[in-house]
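These protein sequence lines are chains D and F, in that order. Just so we're aligned: the first sequence equals residues 1 to 357 in the numbering used here. Just so we're aligned: the second sequence equals residues 358 to 714 in the numbering used here. Since the structure comes first, as structure tokens, the remarks are kept for the end.
2 protein chains.
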Amino acid sequence: MEKKSIRIKDIAQLAGVSIGTVDRVLHNRGKVSAEALQKVLSTLREIDYKPNLIARTLGTKKNYRIVVIVPDPALDEYWGQSNQGIGQAASEWQQYDVQVEPYFFNLYDKESFKCTAGEAFRSQPDGIVIAPIFYQEALHFFEQCRISNIPVVVFNTNIPEGKPLCFIGQNLYESGKVAAALIHLGQQGAGNFAILHINEDRGNSIHLLEKERGFKEYFEANHHQAHQIIALNLSGSDEVRVKQEIKSLLADAQLKGILVTTSKGIAITARLLQKYGKNNIRLIGYDLLKENIGYLKSGTIDFLINQNSKHQTFLGINQLANFLFLKKLPPASNLLPLEIITRENLDSYLGSSVHYQ
Amino acid sequence: MEKKSIRIKDIAQLAGVSIGTVDRVLHNRGKVSAEALQKVLSTLREIDYKPNLIARTLGTKKNYRIVVIVPDPALDEYWGQSNQGIGQAASEWQQYDVQVEPYFFNLYDKESFKCTAGEAFRSQPDGIVIAPIFYQEALHFFEQCRISNIPVVVFNTNIPEGKPLCFIGQNLYESGKVAAALIHLGQQGAGNFAILHINEDRGNSIHLLEKERGFKEYFEANHHQAHQIIALNLSGSDEVRVKQEIKSLLADAQLKGILVTTSKGIAITARLLQKYGKNNIRLIGYDLLKENIGYLKSGTIDFLINQNSKHQTFLGINQLANFLFLKKLPPASNLLPLEIITRENLDSYLGSSVHYQ
DNA sequence: GTGAAAGCGCTAACAA
DNA sequence: TTGTTAGCGCTTTCAC
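So this is what it looks like as structure tokens:
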């Protein structure tokens with residue numbers, strides 16, 4: 001009835017060697033004669049051995065420390081959500097003696113990133129999860145980790161050159177395309193569509209330009225109508241200037257929709273849209289920030305694309321912990337779904353903790 | 358640095374009893390004197406003991422058998438996807454000696470359901486995961502399980518009266534509302550909107566009527582335009598009749614959008630829409646069936662709402678296995694997000710296996 | 001290079 | 001009613 005699974009002991013018996021020898025070839029720890037190696041290898045080939053992870057874990061005394069390098073959650077709501085993911089992962093893994101320790105840097109400060117990352121590195125963790133906001137600095141950091149042989153999981157922003165163990169995030173180019181499609185849906189005739197980068201900092205812009213590329217690409221591919229695309233980069237501008245720019249943008253009678261690429265920037269846009277009574281302009285943005293949810297509910301924002309930083313973070317830590325703890329190799333890339341949120345399905349996303357399992 | 362967690366051994370030492378005694382009070386197996394009980398209980402109160410689940414598992418010889426009662430995957434693509442979830446869960450849990458055994462019934466046959474469920478029940482499983490398609494028959498079945506004290510996890514269709522351990526599925530009412538909102542987006546002026554139930558069987562209709570309620574509710578709440586809602590129940594009709602009905606529906610020049618509530622039914626609608634060149638009628642349906650994906654890509658279908666039966670099934674088995682294996686009580690209800698799929702974000706959903714973790 | 005043996009924290013059978 | 005003990009499958013140490 002029940003097929004008992006094969007143990008190391010069984011393999012040893014079949015191969016006519018001891019348990020220790022089998023273990024040594026299983027982990028190529030060396031110190032095995034060619035003869036013994038052959039015997040074990042050939043029996044291994046005949047059967048389908050799956051190690052009992054539970055037993056393995058219990059047998060290993062080693063405990064792991066994972067370090068998570070992320071922007072300070074106090075400074076930014078998006079990263080606040082990410083921090084919830086850290087907490088969740090931490091409490092889930094602590095019972096297995098895997099401790100998760102966050103290191104926070106200032107989202108707008110390269111130096112802070114460098115400094116925090118350095119500190120985290122010097123603490124000699126068994127693995128690192130990082131949101132590599134600053135490209136150049138991150139590259140250097142990855143190199144360090146490579147040399148020290150510390151596995152790194154990257155999320156939020158991909159840096160393939162860093163050769164991380166695994167990347168977790170969204171396809172930003174497609175995200176721009178989705179936004180364009182939603183903004184364009186049911187809009188007849190010609191019209192203008194704007195894409196706005198509203199950012200307190202200039203650093204992140206590579207990240208945002210991917211969305212822009214997708215956005216433009218959509219309209220180029222659907223050029224059956226004469227559309228004009230307005231791209232406005234307000235990164236690094238102060239609030240007064242941002243307001244001015246948006247105001248003059250809204251003066252355009254042909255404007256039919258706006259995409260704001262930064263999760264934070266859309267609230268100010270929504271506010272101005274309300275102020276000037278422009279409720280025929282479709283507005284799309286990112287992420288379930290409190291203010292954004294408010295404007296989505298009231299109807300000023302039409303769609304939000306959820307980047308789900310909590311899930312991304314949680315998943316990143318999970319992948320790394322599974323790798324360290326259970327030797328489970330994660331996929332090189334985890335592209336998360338582009339979740340479209342409307343007033344109507346909002347609750348289903350807010351409520352389902354399940355989603356983040 | 359590292360805080361070692363408390364073991365049963367430690368408790369025994371602190372309480373001045375043996376580990377056997379501690380184990381007995383921990384599992385209230387009785388056979389403990391009042392005095393010893395007090396000693397253990399009081400030390401237990403002082404410290405925060407968390408059992409090592411890994412060790413517990415290894416120490417327990419018990420192996421579990423979970424039975425999954427679902428419609429035959431060969432007869433229906435939606436349930437084919439569900440079956441993938443079963444396979445995934447099965448292969449994930451087999452290493453822990455939790456075996457997952459599917460029992461298939463005919464989706465359109467009450468008797469088959471009854472018979473299969475009975476058979477599954479008589480096999481004396483440790484737990485049951487079930488898609489209770491037929492209400493009355495399911496009620497009786499739940500009663501049986503309650504008496505025999507077998508935990509039941511329900512998915513796809515909720516039957517709260519059955520008092521299952523846990524339900525997994527979507528809020529169908531909200532799903533109807535989401536569909537209505539998407540179908541209505543950017544549509545100016547008055548117009549007619551149809552909701553179609555195309556089903557080979559009449560049995561399922563309660564399920565579908567929830568979607569209808571949400572659909573109508575949306576338009577009632579947004580009555581600033583004179584909309585007419587056409588609800589057509591084609592459950593149990595043959596294909597010829599279905600085609601006729603749809604054809605005459607399409608003759609309506611005011612028709613601006615159609616929602617088909619069954620995942621299978623939308624393909625026939627899409628085909629007719631193409632045939633009659635009605636590409637201004639917005640079409641929305643459910644689930645990532647092969648044909649549906651084709652029509653989504655070609656633009657005949659505008660949106661699909663993903664019910665993700667694979668994920669639902671996988672999650673259901675997981676919840677039950679965790680409950681049996683790790684004594685982890687699942688939430689009473691897991692309402693899954695209402696995933697909106699367009700041509701643009703389709704790949705992100707098809708690709709991400711991660712989503713199903 | 002090899003095998004025997006102790007130990008991970010818990011369960012469960014068994015003596016006392 | 002108690003305490004002791006032999007596993008669970010694997011890792012790791014330590015003689016040989």
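The C-beta atom is built at its ideal place from N, Cα and C for all residues, glycine as well. This structure is a prediction, so every number in the text was calculated from the model and none was measured.
Please find out if some non-hydrogen atom of the ligand FAD comes closer than 7 Å to the beta-carbon of residue i.
| i | result |
| --- | --- |
| alanine 89 (chain D) | Looking at this structure, you won't find the ligand FAD or any other ligand, since it has none at all. |
DSSP state of residue i, grouped into three classes?
| i | result |
| --- | --- |
| proline 428 (chain F) | strand |
| serine 5 (chain D) | coil |
| tyrosine 103 (chain D) | strand |
| histidine 311 (chain D) | helix |
| arginine 29 (chain D) | coil |
| phenylalanine 121 (chain D) | helix |
| asparagine 679 (chain F) | helix |
| lysine 39 (chain D) | helix |
| serine 620 (chain F) | coil |
| glycine 442 (chain F) | helix |
| arginine 343 (chain D) | coil |
| phenylalanine 550 (chain F) | strand |
| glutamine 244 (chain D) | helix |
| asparagine 649 (chain F) | helix |
| glutamine 228 (chain D) | strand |
| valine 535 (chain F) | helix |
| tyrosine 276 (chain D) | coil |
| lysine 613 (chain F) | strand |
| serine 655 (chain F) | helix |
So, is residue i buried or exposed, given that buried needs 16 or more other C-beta atoms within 10 angstroms?
| i | result |
| --- | --- |
| leucine 542 (chain F) | buried |
| serine 148 (chain D) | exposed |
| serine 605 (chain F) | exposed |
| aspartate 595 (chain F) | exposed |
| asparagine 579 (chain F) | exposed |
| leucine 329 (chain D) | exposed |
| glutamine 664 (chain F) | buried |
| valine 389 (chain F) | buried |
| lysine 61 (chain D) | exposed |
| leucine 646 (chain F) | buried |
| histidine 355 (chain D) | Low per-residue confidence applies at histidine 355 (chain D): pLDDT is 47, beneath 50, and the placement is therefore not dependable enough to give any value. |
| aspartate 405 (chain F) | exposed |
| leucine 707 (chain F) | exposed |
| proline 482 (chain F) | buried |
| lysine 297 (chain D) | exposed |
Taking C-beta pairs closer than 9 Å, name the residues in chain F that residue i reaches, listed in chain order.
| i | result |
| --- | --- |
| alanine 89 (chain D) | Here the premise fails: no neighbours, minimum Cβ distance about 13 Å. |
Residues of chain F with a CB under 7 Å from the CB of residue i: which are they?
| i | result |
| --- | --- |
| glutamate 344 (chain D) | Glu531, Lys534, Val535 and Ala538 |
| leucine 338 (chain D) | Asn702 and Ser705 |
Can you name the residues of chain D whose CB is closer than 8 Å to the CB of residue i?
| i | result |
| --- | --- |
| glutamine 481 (chain F) | Neighbours of glutamine 481 (chain F) on chain D: none; closest Cβ ~12 Å, over 8 Å. |
| glutamine 544 (chain F) | Gly186 |
List the residues of chain D whose Cβ lies closer than 7 Å to the Cβ of residue i, in chain order.
| i | result |
| --- | --- |
| asparagine 528 (chain F) | Ser348 |
Which same chain residues end up closer than 8 Å to residue i when comparing Cβ atoms and leaving out the 5 residues on each side of it in sequence?
| i | result |
| --- | --- |
| arginine 598 (chain F) | Leu591 |
| threonine 57 (chain D) | Tyr96, Phe325 and Leu326 |
| arginine 7 (chain D) | Asn52 |
| serine 362 (chain F) | Lys407 and Asn409 |
| leucine 139 (chain D) | Ile159, Glu161 and Gly162 |
| alanine 181 (chain D) | Tyr218 |
Could you name the residues of chain D that residue i contacts, counting a contact when the two beta carbons are closer than 9 Å?
| i | result |
| --- | --- |
| glutamine 452 (chain F) | Ser5, Lys50, Pro51, Asn52, Leu53 and Ile54 |
In chain order, what residues of the same chain lie with their CB nearer than 6 Å to the CB of residue i, ignoring the 5 residues before and after it?
| i | result |
| --- | --- |
| asparagine 334 (chain D) | Ile168 |
| glutamine 99 (chain D) | Arg65 |
| leucine 250 (chain D) | Tyr276 and Lys278 |
Who are the neighbours of residue i on chain F, taking C-beta pairs under 8 Å?
| i | result |
| --- | --- |
| leucine 273 (chain D) | Here the premise fails: no neighbours, minimum Cβ distance about 17 Å. |
| glycine 351 (chain D) | Leu692 |
Tell me which same chain residues have a C-beta within less than 7 Å of the C-beta of residue i, skipping the five on either side of it?
| i | result |
| --- | --- |
| glutamate 675 (chain F) | In the sequence on display, residue 675 (chain F) carries asparagine and not glutamate. Answer for asparagine 675 (chain F): Ala446, listed in chain order. |
| threonine 699 (chain F) | Phe660 |
| alanine 270 (chain D) | Leu283, Tyr295, Thr300 and Ile301 |
| aspartate 558 (chain F) | Tyr465, Ser592 and Gly593 |
| isoleucine 183 (chain D) | Phe193, Gly257, Leu259, Arg282 and Ile284 |
| aspartate 252 (chain D) | Asn192 |
The region 41-60 of chain D: which residues have C-beta closer than 9 Å to a C-beta of chain F, in chain order? Lys50, Pro51, Asn52, Leu53, Ile54, Ala55, Thr57 and Leu58
What are the residues in the region 644-665 of chain F lying within 8 Å of chain D by C-beta distance? Asp659
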